[in-house]
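What the sequence shown shows, in my numbering, is residues -2 to 670, in sequence order. All C-beta atoms, glycine included, are put in the ideal place defined by N, C-alpha and C. Written out below as structure tokens is the structure these notes cover.
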Amino acid sequence: MTQSTGKSTSTPIWQPVQTQIEQTRMWEFMQLVNQRFDAGLENYAQLHTWSITHTADFWSLVVENCGVKMTPEAAEIASAEVVDDVSRLPGAKWFQGATLNFAENLLQAASDKTLAAKPALIFRGEDKRRESITYQALYNEVSKLAAWLRQHDVQPGDRVVGVMPNCIETVIAMLATTSLGAIWSSCSPDFGLNGILDRFQQVEPKVLFVVDGYRYAGKSISLSERIEKVKANISSLQNVVVVPFLNSGGLHESNLDAVDSTTVCYASMMSELSPSVIHFEPVSFDHPLYIMYSSGTTGVPKCIVHSVGGTLLQHRKEHQLHCDLRKEDVFFYFTTCGWMMWNWLVTGLAGGATLVLYDGSPFHPGPSALMDLIDEENISLFGTSAKYISALEKAGVKPVNSHQLRSLRTIFSTGSPLAHESFDYVYRDIKSDLCLSSISGGTDIVSCFALGNPVLPVYRGELQCVGLGMNVQIFNDDGKTVLNEKGELVCAGAFPSCPVGFWNDDDNSKFFKAYFDRFEGVWAHGDYGEITERGGVIIYGRSDAILNPGGVRIGTAEIYRQVEKLDYILESVAVGQQWQDDVRVILFVRMQPGEKLSEGLVAEIKQVIRKNTTPRHVPAKVIQIEDIPRTISGKIAELAVRNMIHNEAVKNTDALANPEALTLFADLPELRV
């Protein structure tokens, strides 16, 4: 039995016992390395060092150990073919000469008699709608849709896109697309028209999958008008497939008023097709799989191209080794199809697990909705955002008193740094015996640089470790590696999930500028962080949002951590304002319903920040605000707020879920004095 221990950051808050450690796939992998290479590894730190100094051996063993289906097989691939030059970043070539298919790897369980009849996907809607599909049935549905796409001339490299909720049909559409060697790209139905067009006009899709509408927080939102405008503004579209989602049956009828010759109803079309054997198109390791989009507000989203092999290998490594995912598991992540965590989640099919897909508000009909889901579906791996965990605590939810949670053994958190107090909340009020894995990476690499580990302890405020095979370091301003110091999070060696590049960036100039301008041959991720002497990682915020009062660099997460302790504050955003030849820190706070910011509360906020950080962290101004802008994936839009208070344009408001909030920050009299 593991146990929650002390609260100090120098003492683990949770620690696995040796018997548990030796039952993990991470431990088994380390023993395999020792056996195969006589490495003599005794702990994770040694295993990580081995993984970045024996790159070819490591990734070849990941292919073999994680059951990646590739031709030729890993054992037949020469070491030099695994990676041609690990020091070349970007541009290293991986598994040259090998071919594979993404969908084939995710559907392998359908050919396993022990797994074919088990649920592959379970869909749960906020309205209590529940649907499930077995691996065999999933294979059959993918085969039908793949045949239809092939009939409509979808070729390898063509783009197929979706404006879809997190439902079974979305996974089927992605798998059918990638089975042909075509490229999948998606966004969620809550994207505005310009948000959809800014993304999909750039990639010129041939086919669009879209729902007739969606539900959120008890409301039904129709997409009929938006569908017609999307069709009218993307000239490359040859076919539009409408998936009925709002209708009570959800399977047979579309609520569109009119359907033209290029538009078909998904359910009607699928009912006329018969299952068949899928011809999985073999493609090269670096063949494009996904096009994903930067979520910033500084311009039209960048179209990031991710490879078939890099995505699959990275996800399989992370799921099987870092998450200890097994075929017996029920795996859940609260996400939309506009966030890379959806792509990360669905690769869980390759491990033979059951995935739970949820669409709707996580707080509908009440704040315990997702906790109920854990008990109802026996979820063992539960993923969410740091914001959700904080909001759950603010709502007074204490699942330890109201739920069983017997199946739950891991909670994943990402999207923003997880506050120390949220670590305490999880172990105190959710469950004391689980691995809380804070993870960090992003859309840029469709995976993680730092993440959890079932063989390591959990420390408050820290991500447990750097991922295997990832040469992650912290650089100071001079490009020197530092330990126990804040600096730029970088990756100093090639890794398979480095993007192929940006779409329509033929000379790679935009790609190089985004990640490689600062340190030659080194990926600069844009996170301000620290690696501790025990190998943990602390993320202080985005580098481009770092505050710099008096020349001292401050991560916004350091301020948020203190503010989140205060029950009367719902959320906050901290930015730097140019003031009298310096920068002063401005803190905007959104109060709990019924609360009002007073001089006394401002003094208390400043005192809490000063006491637990430094005088430099104390904001010059604390201002109450009614709303705070967030990206569609839920991240606070610090740069957009900073632009607004400086009367600078926010170029891509369609990246925001609530762009109307920006006007609240314009021309504030408090910022003139």
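Quick check on residue i: buried or exposed, where buried means 16 or more other Cβ atoms within 10 Å of its Cβ?
i: ASN98; result: buried
i: GLU667; result: exposed
i: HIS249; result: Annotation note: pLDDT 38 at HIS249 (below 50); position unreliable, no value reported.
i: THR660; result: exposed
i: LEU50; result: Per the sequence shown, the amino acid found at residue 50 is Thr instead of Leu. Its Cβ having fewer than 16 others within 10 Å, THR50 is exposed.
i: ASN398; result: exposed
i: PRO612; result: exposed
i: HIS643; result: exposed
i: GLY490; result: buried
i: ILE218; result: exposed
i: PRO13; result: buried
i: ALA654; result: buried
i: VAL343; result: buried
i: VAL670; result: exposed
i: GLN604; result: exposed
i: ARG33; result: exposed
i: ASP229; result: Before going further, note that residue 229 is Ala rather than Asp in the sequence given. Classification of ALA229: exposed, given that the 10 Å Cβ count is below 16.
i: ALA652; result: buried
i: VAL549; result: exposed
i: GLY393; result: exposed
i: ALA77; result: exposed
i: GLY247; result: Any reading at GLY247 must be qualified, since the residue scores a pLDDT of 40, below 50, and its modelled position is unreliable; the value itself is stated next. Classification for GLY247: buried.
i: SER435; result: buried
i: PRO202; result: buried
i: GLN559; result: buried
i: LEU544; result: buried
i: SER245; result: Caution is warranted here: a pLDDT of 40 is assigned to SER245, below 50, making its placement in the model unreliable, and no coordinate value can be reported.
i: ASP524; result: buried
i: SER365; result: buried
i: LYS216; result: exposed
i: GLU315; result: buried
Name the residue from the options whose alpha carbon lies nearest to the alpha carbon of residue i.
i: TRP520; options: PRO656, ALA511, GLU527 and ILE528; result: ALA511
i: PRO241; options: HIS361, GLU374, ILE620 and CYS262; result: CYS262
i: LEU318; options: ASP124, TRP145 and GLY466; result: GLY466
i: LYS110; options: PRO186, TYR132 and MET289; result: TYR132
i: VAL497; options: ASP82, SER304 and ASP35; result: SER304
i: ALA170; options: GLY192, LEU194 and TRP145; result: TRP145
i: GLU166; options: VAL239, LEU405, ARG607 and ALA416; result: VAL239
i: PHE188; options: SER444, PRO546 and THR650; result: THR650
i: GLY673; options: ALA179, ALA134 and PRO87; result: The question about residue 673 has no answer, for the chain in this structure spans -2 to 670.
i: GLU222; options: PRO186, TRP56, GLN235 and ILE130; result: PRO186
i: CYS445; options: ASP475, PHE492, CYS164 and ILE408; result: PHE492
i: VAL452; options: SER7, GLY573 and GLN20; result: GLN20
Under 8 Å, do residue i and residue j count as touching if we go by C-beta distance?
i: LEU286; j: THR440; result: no
i: ALA143; j: ILE275; result: yes
i: ASN473; j: GLU459; result: no
i: TYR123; j: SER387; result: The identity of residue 123 in the sequence shown is Glu, whereas the question assumes Tyr. Not in contact: GLU123 and SER387 (Cβ atoms no closer than 8 Å).
i: ILE119; j: ALA95; result: no
i: LEU172; j: VAL139; result: yes
i: CYS63; j: CYS184; result: no
i: ARG587; j: ILE10; result: no
i: GLY349; j: ALA106; result: yes
i: TYR557; j: GLU592; result: no
i: SER494; j: GLN198; result: no
i: PHE282; j: ALA100; result: no
i: ILE288; j: VAL200; result: yes
i: VAL570; j: ILE625; result: yes
i: LEU665; j: PRO616; result: no
i: TYR290; j: PRO298; result: yes
i: SER437; j: ILE536; result: yes
i: GLY518; j: LEU86; result: yes
So, under 8 Å CB-CB, residue i and residue j are touching, yes? Tell me the CB distance rounded to an integer number of Å.
i: PRO272; j: LYS141; result: 6 Å
i: ASN468; j: CYS488; result: 6 Å
i: CYS462; j: GLY533; result: 7 Å
i: ARG627; j: ILE633; result: 6 Å
Going by DSSP, what residues sit across from residue i in a beta bridge?
i: CYS462; result: LEU448
i: GLY210; result: SER219
i: ASP579; result: TRP576
i: GLN470; result: VAL487
i: ASN236; result: VAL204
i: SER76; result: Looking at the DSSP assignment, SER76 forms no beta bridge with any residue, so it has no partner.
i: ILE528; result: VAL534
i: PHE329; result: VAL353 and PHE379
i: ARG627; result: ILE633
i: HIS303; result: TYR287
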